[in-house]
Structures are given as C-alpha cells and as structure tokens.
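Let me begin by presenting the structure, written as structure tokens, before commenting on it.
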Amino acid sequence: MSSIPFSELPLAKEQIANLTELGYTSMTPIQAESLPLILQGEDVLAQAKTGSGKTAAFGIGLLAAIDVELFRPQALIVCPTRELADQVSKEVRRLARFKQNIKVMTLCGGQPMGAQIDSLAHPPHIIVGTPGRIQDHLRKTTLKLDDVRVLVLDEADRMLDMGFADEVENIIQHTPPQRQTLLFSATYPADIEAMSQRVQRNPKSVSVVTEEDGAQIEQRFFETTKEQRITLLMRLLSHSSPESSVVFCNTKRDCQAVCDTLLANGISTLALHGDLEQRDRERVLVQFSNRSCRVLVATDVAARGLDIKDLPLVVNFELPHDPEVYVHRIGRTGRAGTEGLAVSFCTVSEMARAHGIEDYLNLNIQWQDGQELSSVSILPLASDMLTLNIDGGRKAKIRPGDLLGALTGDAGLTAAEVGKIDLFATQAYVAIRSKSAKKALEKLRQGKIKGKNYRVWLIKNSD
Ligand code: ADP
Ligand code: MG
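Residue numbers for the sequence shown follow my numbering, beginning at 97 and rising by one.
Shown next, in the form of structure tokens:
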C-alpha cells in the first residue's frame, strides 16, 4: 500500500466518501502511479501483478469521465473471460455508487442475445464485456461505440495469449480515434508493447514490479560430474514432475544431446537453439507454451525474448560463464507470485563460475551431491496436450473462434478439451487434450473451417 490517500486526487468528494465506505483509504502503488495520469486524460499502459488493484485504477478513472445525462456508452472495458468481466462489472458498480443512475452493462457469451439487445435499446453508460460478444453486437449494430471516451483493455496479456488480438483491434476500430485508451496487464511481453503502439497515442507507461524478485526463487546447487549430470537431471524431473521446465545448456551440441537422451527416456522434450529455422522455432515455442511439451532444452541466445510465465523449474545443466546470465536464466521461474525452483549442476571444472555467482549475488552456496535423489527411478514424463497444426492462419481470415467453433460444434469436443490457440500469418496451432487429439484431427479433416478445407495434422515431438 502506498501512503497516498485518495483525497489527494481531483475526485468528487462524494467519490472520496464512497471509497472510504468501501474501505479504500490509501491508494495501492499501481493506483498511485496511474490514476493521476488517467484523470488527466492520458493514454496509460499499466503493468502490475494480479491483486494489485488495477480494476479500481481504471474504474475510478473512467467514472470521472462519465456524463450521466448522456445515455450512450461512454466507457468500454474489454476483458478476456466472462468470469473477469463479471468481477470487473461488480467492482465498477461499487465504485459508481457515488453517482446516481449510472448504468453498467455486461456483454458476454452464455447469455441470450435477445435480452441483451432489448437492454441495449436503453444504452448504458458503461459496457463491460468479452471480445466475442461485443463483436456480435457490433455486427448486428445493436451496439454503437461512437461516444466512447475511455476504452480499457483489461488483462491485455491474457487476451493476447488467448488469440484475441484481431478481435480487440476490430472492436477498437468502432470507437472514436480521440478516445482515451488504457491498457492493463499483469505481465509485459513484447507483444503488449506492439499492441500499445498500434492502439494508444503517446502512452505513459507505469509499472509496479515486485521488489526482490529473486526472493521467490529457491536456488539449489548440485556438485556432479559430466557423466552423471544427465542421470541427475532425469531423476530430478522424475522426482518433481514439473508441468513445464526449461533446461539451459551452454552449447547447441549439448542442447541437442540432452534433448535426445530425454526423449529416448520417454520425457516430453523439445530443443530450442540457434540452428532452428524461424518456422521450427515458432513451432517449438507454441508447443512449449501450450503445454504439448514439458521440458524445453535451450541455449541462452535461443531463449532470449522468450516469455514463459510461471515456470516451476529452471535447470542449469551447465553453469554459465557470466553471473548475470545466471540471474537472467533463473529469473524465468518464480514469476507473478508463484514459487520457483532453480537447480544448477556444477562440475569441478566449473567451480570458478560458481564462486563468481556467489560473489555476485552475495550468496553462500550449500552444496548437495544428489545422494537424496539416488533412489528415484527415472520415469517417463508425458504431456497432457498435443498440438494440431492447421495449414491456414490470419491471412485466410481464420480466427480463434472459428477453430474453437469447428472443434466444439461439429467435432463434438468440449471447450475443456481445447487448450491454447495460436494464430500466425499462414499457420494455426491448437492444443488439444492428448486423449481427444485423434478425434479432433479426424473431425477437422472431415469438416470445414469457415466453409473451407484445410490441411490439418498432429505435430509429433520427434519431428
Ligand atoms: P488486479 O486487477 O490488479 O488483479 P483487483 O483490482 O482485482 O486487482 O484488486 C484486488 C483487491 O484489492 C480487490 O479485492 C479490491 O477490492 C482491493 N482493492 C483495490 N484497491 C484498493 C485500495 N486502494 N484499498 C484497499 N483495497 C483495495
Ligand atoms: Mg484485474
């Protein structure tokens, strides 16, 4: 919590009283950073972890811009899921209590269109919704966004992860160019920056990064030999069975060798190194992020710019020469409030590097010799998901909803069996629960996507 009270902001005194009633006395750090800018009408790109009070930041901001006498949507909040849209609606309604007669409406799928259309006949001041349903109403012209003053993209990183980029940008085209655009995100990957550049004007970036990021990472060091470390790695993976993990090697050759050995032992693994063609690299990253692959063995260069969230385990198969590279590697675990484990293997010849890390981080390494893992038997590690590759993408105007529709509608899969959808210019990738993958493949091959037949195949990790 910052120590700055809401009363320092240029807000109506009724709103200050309302906030006090809600128990909001001082601003959270992200509110203190972003609200003054939002109230000045600036476009803001705000990043702070979950639970930091982002909803009230944009909620208080947009409410100050609403003209109650004008019965037109003046603020639009786009959220990735129904559940989030419901939560945001609730919070905005509480924040709106200081003004009489502010109408907030939620537009999500799963509710009958008819009732929503009736309700939109008396337009609300504020709309909260998901991209799909908002677009449905725009197509039917039952929703007009000509008077939108404030547009909020909440959990923008998740919207991009879910493949909503095109939908969101299409919605934005229905709003006036002079609007204020607020982009909120828990993380700050490169595609958020790119989106901001497309949809915001002169945005001010604010971010509240948790102090002491390293505090959440448990670091363990094993003294081992070149011959033993591959077995140690497999025991470690069998023992902790992480959903996803990255194993760093210093060279392409080691990277490929480790990957081959893990695969030969039934461990779902892919290698990421500089020898891969762009297209193969893209495919590896897709398979890893959509959970079709559990272990990624990577070199530092190849892993640059890789944004994987919530990795429970990072392994240094070899120690890097530079302590900064060590910090960078282990920083990929323990993100966003989750606990991470960083395990490092060190041979006698790498000891000097370990001392370098100790000095750099002011650390006192407690060495382990792997004895406690010696009784662990090496087990296969399969992934829950498989990836379908569709030979068509954005250029063919395929959208995530088309793929989800083709799979859940005609193919009879439930939404729970479908995972992450990634769309590229000419390719699309859909993660499917392994059990249902064959069925999904057959159905997609028989049926059509947007009225057309596409080549569809299952990616095998050994490809
Ligand atoms: P985020 O969107 O950043 O994940 P939320 O907006 O959902 O976070 O807020 C998390 C919780 O903090 C909510 O329960 C909200 O009511 C509460 N909260 C927000 N701002 C304040 C504040 N200034 N003082 C006290 N509680 C707050
Ligand atoms: Mg939020």
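The C-beta atom is built at its ideal place from N, Cα and C for all residues, glycine as well. In this text the structure is predicted, and so the values were computed from the model without any measurement.
Query, Result
"Counting along the chain, where does the beta strand (DSSP E) carrying Ser303 start and finish?", "Lys300 to Val304"
"For Asp487, count neighbouring C-beta atoms within 10 Å of its own C-beta (all shown protein chains included) and say buried if the count is 16 or more, exposed if not.", "exposed"
"Could you tell me the alpha carbon to alpha carbon distance between Trp463 and Thr443, rounded to whole angstroms?", "12 Å"
"Where does the unbroken beta strand (DSSP E) through Thr151 begin, and where does it stop?", "Not the beta strand (DSSP E): Thr151 falls in the alpha helix (DSSP H), residues Lys150 to Leu159."
"Taking DSSP as the reference, what is the three-state secondary structure of Val224?", "strand"
"Mind checking whether Asp396 and Val421 have CB atoms under 8 Å apart?", "yes"
"Could you work out which residue in Arg529, Met330, Ala492 and Ile453 is closest to Gly466 when comparing CA atoms only?", "Met330"
"Look up Tyr525 in the DSSP assignment and say whether it is helix, strand or coil.", "strand"
"Count the C-beta pairs between the stretch 477-493 and the stretch 528-539 that are closer than 8 Å, then say yes if the count reaches three, no if not.", "yes"
"Write down the C-beta distance between His335 and Val472 rounded to the nearest angstrom, noting that I regard them as a contact closer than 8 Å.", "5 Å"
"For the alpha helix (DSSP H) that Met291 lies in, which residues bound it at each end?", "Ala286 to Val295"
"Pick from Thr327, Pro419, Gln212 and Leu407: whose alpha carbon is nearest that of Ser341?", "Leu407"
"Is Ala636 near ligand 1, with its Cβ less than 7 Å from a heavy atom?", "Any answer about residue 636 is impossible in this case: the structure gives the chain only from 97 up to 559."
"For my contact list, Ala152 and Glu187 are in at a C-beta cut-off of 8 Å; report their separation, rounded to the angstrom.", "7 Å"
"Among the residues of its own chain, which have a CB less than 8 Å from the CB of Ile213, if the five just before and after it don't count?", "His233, Lys236 and Thr238"
"Would Ile223 and Leu172 qualify as a contact pair, given that the criterion is a beta-carbon distance under 8 Å?", "yes"
"For the 8 Å Cβ check, are there 3 or more pairs between the stretch 311-321 and the stretch 285-298?", "no"
"When the Cα atoms are used, what is the spatial distance from Leu500 to Val526?", "9 Å"
"Do you know offhand how far Val343's Cα is from Ile230's?", "42 Å"
"Tell me where the alpha helix (DSSP H) around Leu329 begins and ends.", "Arg325 to Ser336"
"Taking the alpha-carbon positions, what's the Ile461 to Phe317 distance?", "7 Å"
"Give a single yes or no on whether Ala152 has its beta carbon closer than 7 Å to a heavy atom of ligand 1.", "yes"
"CB of Asp182 to nearest heavy atom of ligand 2: below 7 Å?", "no"
"Would you mind giving the Cβ-Cβ distance between Val302 and Glu129, rounded to the nearest angstrom? I have them listed as a contact below 8 Å.", "4 Å"
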